[in-house]
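As given, the protein sequences belong to chains G and U, one line each in that order. The opening residue of the first sequence carries number 5 in our numbering; numbering runs sequentially from there. The opening residue of the second sequence carries number 5 in our numbering; numbering runs sequentially from there. The beta carbon of each residue, even a glycine, is placed where N, CA and C say it ideally should be.
There are 2 protein chains.
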Amino acid sequence: MAAVTTSSSHADGDDATRTDLLDSTMAALGQRAKAASRVLAGASSDAKDHALRTAADALVARTEEILAANAEDVATAERDGVSPTVIDRLRLTSARVESMAAGLRQVAGLADPVGEVLDGWVRPNGLRISRVRVPLGVVAIIYENRPNVTSDAAGLCLKSGNAAFLRGSSGAIRSNTVIAAVLRDAIASTGLPADSVILVEDTSREAAVAFMRQRATVDCLIPRGGPSLIRSILENATVPYVIDGDGNCHVYVDVEADLDMARRIIVNAKMQRPSVCNAAETLLVHRDIAAEFLPGAAAALDGVELIADPRAAAHLPGATAADEAAWSTEFLDLRLAVKVVDGLDDAIDHIATYGSGHSEAIITGSVHTADRFTAEVDAAAVLVNASTRFVDGEEFGFGAEIGISTQKLHARGPMGLRELTCVKFIVRGDGQTRG
Amino acid sequence: MAAVTTSSSHADGDDATRTDLLDSTMAALGQRAKAASRVLAGASSDAKDHALRTAADALVARTEEILAANAEDVATAERDGVSPTVIDRLRLTSARVESMAAGLRQVAGLADPVGEVLDGWVRPNGLRISRVRVPLGVVAIIYENRPNVTSDAAGLCLKSGNAAFLRGSSGAIRSNTVIAAVLRDAIASTGLPADSVILVEDTSREAAVAFMRQRATVDCLIPRGGPSLIRSILENATVPYVIDGDGNCHVYVDVEADLDMARRIIVNAKMQRPSVCNAAETLLVHRDIAAEFLPGAAAALDGVELIADPRAAAHLPGATAADEAAWSTEFLDLRLAVKVVDGLDDAIDHIATYGSGHSEAIITGSVHTADRFTAEVDAAAVLVNASTRFVDGEEFGFGAEIGISTQKLHARGPMGLRELTCVKFIVRGDGQTRG
């Protein structure tokens with residue numbers, strides 16, 4: 005069984021015709037996803053877990069087919085002069101396919117969030133109200149060149165009772181198409197709908213816009229990509245979405261910090277994996293310990309370019325001079341902005357001005373200072389005496405993660421299975437009418 | 005102290021200039037709301053409740069001023085030939101101002117949602133993680149001609165620690181301006197920021213669009229209005245929003261229903277207050293009890309125009325013939341679509357096709373049928389043997405309501421104080437770094 009195709013290449017004629025055709029093709033795919041989601045919403049945990057394990061086995065069994073398709077994607081990327089980093093993300097190996105399968109088995113082993121009763125109460129008139137966790141329905145995911153997202157996202161959606169409506173990038177289309185086909189075949193073989201996973205094969209920009217506007221069928225859109233994708237969603241999407249945004253994360257070293265601990269934490273937060281959203285981008289240091297702390301910190305941050313304001317630069321020979329842009333840049337690299345601040349208020353104000361609401365850490369031994377920092381800093385996660393790198397679904401114990409939300413509505417911070425659900429009120433009476 | 009004005013009437017020159025000026029004026033208002041929200045986030049329940057009660061007293065004390073401004077709005081509306089229904093919503097009286105004040109006092113008496121610890125756990129590495137409830141920040145509300153919304157929305161936002169950024173309609177602008185000024189004065193007199201309530205006085209369409217795009221400061225937008233407002237938000241908004249949408253609500257009378265109960269419930273759901281979103285719009289009747297149920301129901305629905313499909317019409321002499329549009333129309337009036345269905349599956353399919361995801365009721369004595377209906381119908385609220393009219397913040401026991409969400413993200417169903425908050429992860433360690 006092939007994955008689903010939205011072919012619009014035969015749509016010549018004017019742009020409006022092409023747009024209409026795209027919309028109706030995309031709407032038809034959405035309707036199929038919606039129909040599948042109604043079946044999935046009622047599927048037992050056993051049925052979903054069996055489908056996930058069957059899909060895992062199928063990925064491993066059909067590794068050769070997957071690698072052959074992936075080799076074509078990689079060859080195209082190399083011919084097009086795509087950067088080695090991007091090609092590395094795109095490239096699959098037997099080990100990486102095994103790892104995708106292991107991801108599905110891990111999700112099968114997690115608790116099913118569907119059906120949880122969040123709370124319930126009885127009204128004076130006898131009405132019994134409960135709030136229960138139910139799947140969202142159709143979860144749309146738009147993502148870039150990592151073919152493993154096809155399998156990871158499909159697995160999380162299936163476990164949480166949602167149909168996965170996927171739109172990957174053109175660079176990984178052959179890999180994604182085969183992976184989606186393998187998943188669909190495997191899921192269908194267990195009796196759940198093949199349309200539990202639908203991959204949009206039209207990778208044009210117009211198709212992406214049509215995808216963001218399927219309000220009749222898409223219950224939630226999660227983008228996995230950079231600023232231009234986010235901008236496109238803000239401008240074009242009519243479906244509800246959860247933004248997995250930037251992490252311009254700060255570590256503030258307070259006057260009452262254990263400076264050895266502070267050094268270990270900033271090194272970890274910056275260097276352990278610089279390319280990810282929960283890596284630190286700015287170090288804020290209290291002025292009264294700057295002279296004592298910064299030289300040793302700089303030595304420990306060996307290999308990191310320091311971009312310092314004048315007060316920090318006084319203790320950091322060789323640092324680059326910071327301009328205004330330094331404070332708002334997510335470097336995702338071995339570069340770190342460093343600023344000396346007058347104290348807690350100054351640090352909190354800096355974070356309020358430049359932070360992206362992702363993860364913010366303070367190093368301090370003072371209960372009072374820690375309490376104010378955690379209360380006054382507005383971010384998905386606020387950490388005391390720990391590295392920002394812990395803000396992650398796995399590290400939080402969620403078992404798996406679909407992304408990290410930097411918005412406040414619906415989900416904030418690491419999103420696991422629970423964040424792929426919503427609630428429904430169930431009201432039971434014995435004939436009550438309103439007076 | 006006057007409420008805040010965005011005057012753009014002096015912006016002649018080209019449209020782009022006017023748009024830029026509007027955006028920067030609106031952004032400045034948003035920044036003021038954001039600054040106030042930072043103070044409110046740290047305000048104690050006592051301080052917020054004192055401000056609410058002071059504001060309630062001020063509304064009553066300044067009733068004459070409010071009524072004078074309102075009389076001008078009403079005179080303008082009458083001169084413009086606005087419908088009596090709309091003028092009734094617009095008109096304030098001493099009793100209505102008292103009722104606005106009573107609303108603020110009621111909100112002051114509710115439990116403060118801020119600071120609630122939702123859950124917490126310890127990771128194997130010793131990190132202590134908790135999830136706490138915090139205010140959203142700046143809540144933007146765009147609404148139509150009811151001046152009481154100015155006070156009601158401001159009160160709910162203040163109690164939940166949010167700044168209220170309000171944009172009412174031109175028809176109520178004089179009333180809204182005075183009410184906002186009264187609230188601002190009263191709040192400021194208690195030591196909280198006057199900018200806890202900011203009313204946008206530019207009621208142009210362009211200002212509404214600028215209002216929907218203040219992503220730098222607005223954390224959540226809640227529209228209170230009709231389909232054209234919703235459409236404008238879907239197309240223009242870049243801020244996160246919660247849609248308070250239509251209610252195309254169904255009552256399904258099953259073959260195992262107590263028919264007396266079913267009759268009382270459909271009469272209540274349709275007739276008790278036809279103009280509201282949780283009123284029933286379509287009655288679905290199992291074919292095997294249609295002949296027995298429908299004539300008596302029609303008699304009880306005295307004064308309601310019945311719009312029936314052929315099988316229902318057979319038992320409803322004088323009914324209007326239903327066309328396709330009947331099933332998707334929210335009448336908000338003494339009109340009811342009636343359809344005979346083959347059974348539970350047919351009823352569930354009809355609701356899946358035409359429902360708006362608001363409130364759906366079944367009347368049945370069968371546990372099995374009730375369980376399937378509650379599991380398979382996808383709506384904010386699903387009711388068994390009770391009127392759809394109960395789906396409401398007050399009736400659910402929330403004490404107050406900012407709206408009823410028909411979307412699935414963030415809030416679904418009646419929204420009280422809790423739905424005006426979000427969560428923050430607080431992570432406490434003693435020097436943990438990621439390996």
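query	result
Beta-carbon spacing of residue 408/U, residue 157/U below 8 angstroms	no
Through-space distance from residue 42/U to residue 9/U, alpha-carbon basis	Low confidence applies to residue 9/U: its pLDDT is 43, below 50, so where it sits in the model is not reliable enough to give any reading.
As assigned by DSSP and simplified to three states, the class of residue 124/U	strand
Opening and closing residue of the beta strand (DSSP E) in which residue 407/G lies	407–409
Inter-stretch contact (C-beta, 8 angstroms, three-pair minimum) for the segment 218–228 of chain U and the segment 182–201 of chain U	no
Of the listed residues 110/G, 125/G, 131/G, nearest to residue 163/G (C-alpha basis)	110/G
Beta-carbon neighbours of residue 163/U, restricted to chain G and to distances below 9 angstroms	Those do not exist, as residue 163/U stays about 18 angstroms from chain G at its closest Cβ, beyond 9 angstroms.
Where residue 224/G meets chain U, residues with beta-carbon distance less than 8 angstroms	412, 413
Residues bridged to residue 426/U [DSSP beta-bridge criterion]	138/U
Cβ-based neighbour list, residue 54/G, same chain, cut-off 6 angstroms, excluding 5 preceding and 5 following	194
Local Cβ density within 10 Å of residue 196/U, reported as buried at 16 or more and exposed below that	buried
Chain U residues whose Cβ lies nearer than 9 angstroms to that of residue 440/G	Since the first and last residues shown for chain G are 5 and 439, residue 440/G lies out of range.
Those runs of the alpha helix (DSSP H) which lie wholly inside the segment 274–312 of chain G and span at least 4 residues	291–304
Any chain U beta carbon closer than 8 angstroms to residue 74/G	no
Alpha carbon of residue 234/G to alpha carbon of residue 295/G, nearest angstrom	41 angstroms
Residues bridged to residue 325/G (per DSSP)	312/G
Three-state class that DSSP yields for residue 247/U in the structure shown	coil
Residues near residue 370/U by beta carbon distance below 8 angstroms, same chain, minus five either side	258, 260
Buried or exposed (CB count within 10 angstroms, at least 16 for buried), residue 396/U	buried
Members of the segment 387–404 of chain U that neighbour chain G once the beta carbon cut-off is set at 8 angstroms	387, 388, 389, 390, 391, 393, 394, 395, 399, 400, 401
Residues in the segment 188–201 of chain G having any Cβ partner in chain U nearer than 7 angstroms	none
Chain U contacts from the segment 290–301 of chain G (Cβ-Cβ distance under 8 angstroms)	none
C-beta neighbour in chain U for residue 440/G, strict 8 angstroms	The structure shown does not extend to residue 440/G, since chain G spans only 5 to 439, so no value can be given for it.
Short CB-CB distance (under 8 angstroms) between residue 244/U and chain G	yes
Closest Cα partner of residue 417/U within the set 384/U, 357/U, 297/U	384/U
Beta carbon of residue 246/G nearer than 8 angstroms to that of residue 219/G	no
Beta bridge counterpart(s) of residue 256/U as assigned by DSSP	288/U, 366/U
Check whether residue 387/G and residue 433/U have beta carbons under 8 angstroms apart	yes
Nonlocal neighbours in the same chain, by C-beta distance under 6 angstroms from residue 27/G, ignoring five residues either side	214
In DSSP terms, what residue 343/G is bridged to	288/G
Beta carbon of residue 392/U nearer than 8 angstroms to that of residue 283/U	yes
Contact under 8 angstroms by Cβ, residue 436/U with residue 124/U	no
Cβ-based burial, residue 83/U [other Cβ within 10 Å; buried from 16]	exposed
CB of residue 141/G within 8 angstroms of CB of residue 38/G, strictly	yes
Span separating the alpha-carbon of residue 97/U from that of residue 104/U	11 angstroms
Nearest-angstrom Cα separation, counted from residue 256/G out to residue 249/U	44 angstroms
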